[in-house]
C-alpha cells in the first residue's frame with residue numbers, strides 16, 4: 153500500500169530516516185527490503201542515537217544485523233554510526249538503555265533461524281561516549297541467558313528495572329526441525345524423541361515456517377524483570393509471569409506509578425488484549441498477570457511517563473478477532489492521568505486505508521523541554537521519525 157494511503161495527524165510531523173531518498177543500499181542484490189523495530193534514545197544535548205534491524209527476509213534469520221545512526225541536530229539529519237553484526241548468527245538489538253548522558257547499554261540477542269526465538273544468546277555492549285565506541289558485547293553479568301531484554305526504567309529508588317521475556321520448552325519435541333536426517337535420533341533413557349525432518353536442501357522460507365510451528369507447539373513464553381542495584385555491574389532475574397490464552401506473554405513494558413509501584417503491560421498472542429501485572433516492591437515480586445481491556449493485535453507497545461505523572465501509551469489499539477485478519481493499524485497515542493486506570497485521550501497518529509497495514513513498534517523519548525514525544529516507528533520497510541506535542545489531546 154503506497155504511503156499516499158496514509159493519514160498523519162495534523163499536529164504531528166513525520167519524516168523518513170531510513171532508507172531515505174537513496175533507497176536500500178543492497179536493493180539490486182535480491183535481498184528483501186525488510187526493516188524491523190527501530191529504537192531511539194537521546195545521548196546528549198540535541199544528540200540522538202537510532203538503531204534498527206535489517207538483513208534477510210524476516211526475523212529471526214541468520215542474515216539479521218542492526219544498523220546504527222546518529223543525529224547531532226535533534227533528528228533533522230542523520231549519519232551512519234556503524235553496525236552490530238555477528239559473523240555466523242542473526243543479531244537483533246532490543247534495548248538501548250541510557251542511565252546517564254552519553255552512557256548507552258545496548259542489549260543484543262543472537263540466534264539461528266532454525267529454532268525461531270527459543271535458543272537466544274543474550275549480550276550487552278556498553279558505550280560511555282554516546283555510541284561513538286563500544287565495549288563488548290559481553291554476557292549480561294549474573295548468569296542471564298536466553299532472554300529478550302525490553303525497554304528499562306530507573307526507579308525512584310535508583311534501581312534499574314529492565315523487563316524481559318523468554319521461551320520455555322514444555323512440549324515433547326526437544327530438538328528443532330532438521331534439514332535432512334539428523335546425525336543421531338533423539339533419546340531420553342529408553343524413550344525415543346520425535347523430530348520434524350525437512351527435505352534435504354529446503355529453502356530458508358520452509359525452514360522458517362517449520363521453526364515457527366515447532367516453537368509454537370512446544371514452548372510457552374513468560375515474562376520477568378532484570379534488576380540491578382549497582383549501576384549495571386550485576387543483574388538478577390525476578391518475576392515469573394505466565395498466562396495468556398495461548399501461553400504467550402512476551403515483550404513487556406514497565407512504568408513507575410505515582411506511589412512507587414511498578415506496572416507492566418504485556419503483549420499476548422491471538423487474544424486481542426494487553427495483559428497487566430504490578431509490583432509494590434520495585435520489581436522483586438509481581439502479581440499474577442490479568443487481561444486488560446486495552447485492545448492489541450499481538451504487537452509491542454511503548455510506555456513513557458512525564459514528571460507530572462502523565463503516562464503516554466503508544467500502541468496499535470486494534471482488537472484481534474478470530475477469523476478477521478487485521479494489521480497493526482492505526483498507530484495511536486493514549487494518555488492517562490490516573491496511573492492507567494483510565495485513558496482520558498485516545499488519538500490516532502497514523503492510519504492507513506488498508507486495514508492489514510503494519511504501522512509497527514513505536515519507540516522513543518519524552519522531550520519535556522520541547523513539550524513533545526519524539527519517537528521512531530516502521531512499516532516493515534522504512535523507519536520514520538515522528539514528533540507529537542504532549543498536549544495533542
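Numbering (our numbering), first residue to last: 153 to 545. We put the beta carbon where it would ideally sit given N, CA and C, even for glycine.
Could you compute how far the alpha carbon of residue i sits from the alpha carbon of residue j?
{"i": "residue 540", "j": "residue 310", "result": "29 Å"}
{"i": "residue 513", "j": "residue 349", "result": "34 Å"}
{"i": "residue 206", "j": "residue 341", "result": "43 Å"}
{"i": "residue 399", "j": "residue 265", "result": "22 Å"}
{"i": "residue 281", "j": "residue 533", "result": "30 Å"}
{"i": "residue 284", "j": "residue 233", "result": "7 Å"}
{"i": "residue 396", "j": "residue 224", "result": "42 Å"}
{"i": "residue 332", "j": "residue 418", "result": "38 Å"}
{"i": "residue 415", "j": "residue 263", "result": "30 Å"}
{"i": "residue 509", "j": "residue 274", "result": "31 Å"}
{"i": "residue 168", "j": "residue 528", "result": "9 Å"}
{"i": "residue 320", "j": "residue 371", "result": "5 Å"}
{"i": "residue 251", "j": "residue 421", "result": "31 Å"}
{"i": "residue 217", "j": "residue 235", "result": "7 Å"}
{"i": "residue 199", "j": "residue 369", "result": "45 Å"}
{"i": "residue 405", "j": "residue 190", "result": "16 Å"}
{"i": "residue 270", "j": "residue 298", "result": "8 Å"}
{"i": "residue 238", "j": "residue 357", "result": "21 Å"}
{"i": "residue 240", "j": "residue 524", "result": "41 Å"}
{"i": "residue 318", "j": "residue 443", "result": "19 Å"}
{"i": "residue 171", "j": "residue 177", "result": "8 Å"}
{"i": "residue 343", "j": "residue 210", "result": "36 Å"}
{"i": "residue 354", "j": "residue 195", "result": "44 Å"}
{"i": "residue 460", "j": "residue 208", "result": "43 Å"}
{"i": "residue 326", "j": "residue 352", "result": "20 Å"}
Which partner residues of residue i appear in the DSSP bridge assignment?
{"i": "residue 213", "result": "Its beta-bridge partners do not exist; DSSP assigns none."}
{"i": "residue 280", "result": "DSSP output for residue 280 lists no bridge partner at all."}
{"i": "residue 320", "result": "372"}
{"i": "residue 242", "result": "263"}
{"i": "residue 415", "result": "407, 430"}
{"i": "residue 200", "result": "194, 223"}
{"i": "residue 187", "result": "206"}
Rounded C-beta distance between residue i and residue j? I'm assuming under 8 Å.
{"i": "residue 550", "j": "residue 204", "result": "Residue 550 falls outside the range modelled here, since the chain spans only 153 to 545, and no answer is possible."}
{"i": "residue 278", "j": "residue 375", "result": "Rounded, the Cβ-Cβ distance is 24 Å, inconsistent with contact."}
{"i": "residue 429", "j": "residue 441", "result": "4 Å"}
{"i": "residue 212", "j": "residue 268", "result": "6 Å"}
{"i": "residue 472", "j": "residue 424", "result": "4 Å"}
{"i": "residue 378", "j": "residue 296", "result": "6 Å"}
Note down, in chain order, each residue of its chain lying with its Cβ closer than 8 Å to the Cβ of residue i, except the 5 sequence neighbours on either side.
{"i": "residue 329", "result": "266, 347, 348, 349, 350, 359, 362, 363, 366"}
{"i": "residue 462", "result": "487, 488, 489, 542"}
{"i": "residue 536", "result": "166, 167, 168, 169, 528, 529, 530"}
{"i": "residue 220", "result": "201, 202, 203, 232, 233, 234, 235, 236, 283"}
{"i": "residue 480", "result": "449, 451, 468, 470, 509, 510, 511, 512"}
{"i": "residue 324", "result": "345, 346, 370"}
If we cut at 8 Å on Cβ distances, does residue i have a partner in chain B?
{"i": "residue 210", "result": "Of the protein chains in this structure there is only one, and it is not chain B."}
For residue i, I'd like the list of residues in its chain whose CB is within less than 6 Å of its CB, leaving aside the five on either flank, ordered along the chain.
{"i": "residue 454", "result": "466, 514, 515"}
{"i": "residue 469", "result": "447, 484"}
{"i": "residue 165", "result": "539"}
{"i": "residue 272", "result": "261, 263, 298"}
{"i": "residue 495", "result": "486, 488"}
{"i": "residue 519", "result": "526"}
{"i": "residue 226", "result": "198"}
Between residue i and the rest of its own chain, which residues show a CB-CB distance below 7 Å, the 5 nearest in sequence each way excluded?
{"i": "residue 306", "result": "251, 312"}
{"i": "residue 288", "result": "275, 276, 277, 278"}
{"i": "residue 293", "result": "385, 386, 387"}
{"i": "residue 492", "result": "415, 463"}
{"i": "residue 457", "result": "407, 408, 463"}
{"i": "residue 439", "result": "429, 430"}
{"i": "residue 427", "result": "395, 396, 401, 418, 420, 441, 442, 443, 444"}
Any heavy atom of the ligand NAD closer than 7 Å to the CB of residue i?
{"i": "residue 271", "result": "Because no ligand of any kind appears in the structure shown, any question about the ligand NAD cannot be addressed here."}
Counting beta carbon pairs with one atom in the stretch 155 to 164 and one in the stretch 241 to 248, are three or more of them shorter than 8 Å?
no
Report yes or no: do the stretch 380 to 389 and the stretch 403 to 412 share at least 3 C-beta pairs separated by less than 8 Å?
no
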